[in-house]
Every structure is written in C-alpha cells, then in structure tokens.
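Engineer:
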Amino acid sequence: MIIYIIIFTFLMISCFFCLYRIGVGPTAPDRSVAMDILGIVIVCFCATIGLYTGKEYFLDLALAWALLSFIGGIALAKFLEGRKYDD
Amino acid sequence: MTISIVAQIFIFIGLAFIFLGCLGFIRFPDLYNRLQGATKCVTLGACSIMIGVIVNSGLTAMSGKAFMCMVFIILTSPTGAHALAKGSYAANVKLWYKSVCDKYAEKFQGKD
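Note that the protein sequences, when read in sequence, are chains U and A. Numbering-wise, the numbering used here puts 3 at position 3 of the first sequence, and it's gapless, one number per residue. Every number in the numbering used here is 1000 more than the matching position in the second sequence, counting from 1.
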C-alpha cells in the first residue's frame, strides 16, 4: 500500500510541474509542449491506477489518452508552423 | 494489488525518470532545452512503467494493452517533439541568450 502512495505522490508532483509550465510558460509553444508531457504523465497515471484496482479498462483509457494527446500535439505544431490544416 | 519485486524495480526506475524529466521541464531556461530534457526522460519513464505493468500482470489482456501503449508512446512522442520544435522555430521562438551555436540557421544560410 505504501508503494502506491509513493508512486501516486511523485506522479502528482510531476503533473503539478507541468501545470506550472502551462500557467507560467512565456510563449505558446511552451504551453503546447507542457500539454504533450502532461498527456504522457497521465498515461502513466492511468496504467498505475489499473495496477492498483486490477481493472483492465484503465489501460484502454491510457491508450485513448495517448492517441488524443499525439493528435493535439501534431495539430498545434502544424498551426505554429504557419501552415493551413489542409496542406 | 500487490506488486512483484521485478515490477517494483521497473516502476521505480520509470518514476525517477518521469520526476527528473518534469523537474528539468521547469528548471531549464529555454524552450528547446526543455524539449530536450523533458521528452526523452518522460518517454523512457513511461516505457519503463509499462514494462512494470506487463511484468506484474502476466499474459493477460491488460499486459497486451500495456504493450500497445508502450509501442505507441515510443513511436509518437519523439515525432511530436520534433514537430513541435520545428514549428516553434518557424514561429520565431528565440534561443536562450547564452546559446553558442544554431546549426539549423547555419544550414539554411549555406543553402542560400
């Protein structure tokens, strides 16, 4: 039980680091990179919660979250590069 | 509920990498340094945590999903970081003022 408390505490501290960068970040790319990193940390969070509860659907949640985070990051990068969405 | 010793070792390695990557993400001075520091560490940490989940849950559907998640993170996270770095360079995000060289600009100067 103490193992899960340590894991969740450190993952939560990492999430708050990413949230700090989303709030304070000087430019827009900083915020989008922070969203990308926060997505991966949340994927790890979902996997560990799946280990804690023994339910499988948290891994489905992690897979879906990784997909959506990647799509969002790619779309933001394309928007930052100054291209339109259809080229 | 309980985690085996090997899975604990993998999960704590991954946890250390994720924590240090996110610490570097708030400590580094520049967007490109932050990308460099955070993305690689967090990718490796996520893969290590997924290996821990696979080791702990044996040959079940859960470990298959964790394996798919790991492969997907390995494939997409460096791709997203590369696209974001290129896009933010095109959006004129400045380098840190103590940066010594800019190979990407030198490459385009050589072409023109």
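By construction, the Cβ of each residue, glycine as well, lies at the ideal position given by its N, Cα and C atoms.
How long is the line joining the alpha carbons of residue 4 of chain U and residue 1007 of chain A, rounded to whole angstroms?
Structural biologist: Start at 1 with the first residue of the first sequence, and residue 4 of chain U comes out as number 4. Start at 1 with the first residue of the second sequence, and residue 1007 of chain A comes out as number 7. Using only the alpha carbons, I get a separation of about 13 Å.
Engineer: Here's the rule I'm using: 16 or more other beta-carbon atoms within 10 Å means buried, otherwise exposed. How should residue 50 of chain U be labelled?
Structural biologist: For the purposes of this step, residue 50 of chain U is taken as residue 50 along the first sequence, with counting starting at 1. By the 10 Å Cβ count, residue 50 of chain U comes out buried.
Engineer: Out of curiosity, what's the CA-to-CA distance linking residue 16 of chain U and residue 23 of chain U?
Structural biologist: Stepping through the first sequence from its first residue, residue 16 of chain U is reached at position 16. Stepping through the first sequence from its first residue, residue 23 of chain U is reached at position 23. The alpha-carbon atoms of residue 16 of chain U and residue 23 of chain U are separated by roughly 10 Å.
Engineer: Do the segment 1001-1018 of chain A and the segment 1040-1059 of chain A touch if we need at least three Cβ pairs shorter than 8 Å?
Structural biologist: yes
Engineer: In chain U, what lies closer than 9 Å to residue 1107 of chain A by C-beta?
Structural biologist: On the second sequence, position 107 is the one that residue 1107 of chain A refers to. Here the premise fails: no neighbours, minimum Cβ distance about 17 Å.
Engineer: Give me the Cβ distance between residue 1088 of chain A and residue 1031 of chain A, rounded to the nearest whole Å; I'm assuming they're in contact under 8 Å.
Structural biologist: On the second sequence, residue 1088 of chain A is found 88 positions in, with the first residue counted as 1. On the second sequence, residue 1031 of chain A is found 31 positions in, with the first residue counted as 1. Yes, residue 1088 of chain A and residue 1031 of chain A are in contact; Cβ-Cβ is about 6 Å, under 8 Å.
Engineer: Within 10 Å of its beta-carbon, does residue 1079 of chain A have 16 or more other beta-carbons around it, so buried, or fewer, so exposed?
Structural biologist: Counting from 1 along the second sequence, the entry for residue 1079 of chain A is found at position 79. The residue is exposed, with fewer than 16 neighbouring Cβ atoms inside 10 Å.
Engineer: Rounded to whole angstroms, how far is the Cβ of residue 1054 of chain A from the Cβ of residue 1067 of chain A, which I believe are closer than 8 Å?
Structural biologist: Taking the first residue of the second sequence as 1, we reach residue 1054 of chain A at position 54. Taking the first residue of the second sequence as 1, we reach residue 1067 of chain A at position 67. Sure, about 6 Å apart at Cβ, within 8 Å.
Engineer: Provide the residue span of the alpha helix (DSSP H) that contains residue 1056 of chain A, from first to last.
Structural biologist: The residue labelled residue 1056 of chain A in the question sits at position 56 within the second sequence. Counting along the chain, the alpha helix (DSSP H) containing residue 1056 of chain A begins and ends at 1031-1057.
Engineer: So with CB distances below 7 Å, who are the chain A contacts of residue 70 of chain U?
Structural biologist: Position 70 of the first sequence, counted from the start, is the residue given in the question as residue 70 of chain U. Here the neighbours are 1076, 1080.
Engineer: Could you say which of U:33, U:55, U:66 lies nearest to residue 1061 of chain A if we only look at CA atoms?
Structural biologist: Walking along the second sequence from the start, residue 1061 of chain A turns up at place 61. The shortest C-alpha to C-alpha distance from residue 1061 of chain A to any of U:33, U:55, U:66 is the one to U:55.
Engineer: Any C-beta of chain U within less than 8 Å: which residues of the segment 1016-1036 of chain A qualify?
Structural biologist: 1018, 1019, 1021, 1022, 1023, 1025, 1026, 1031, 1034, 1035
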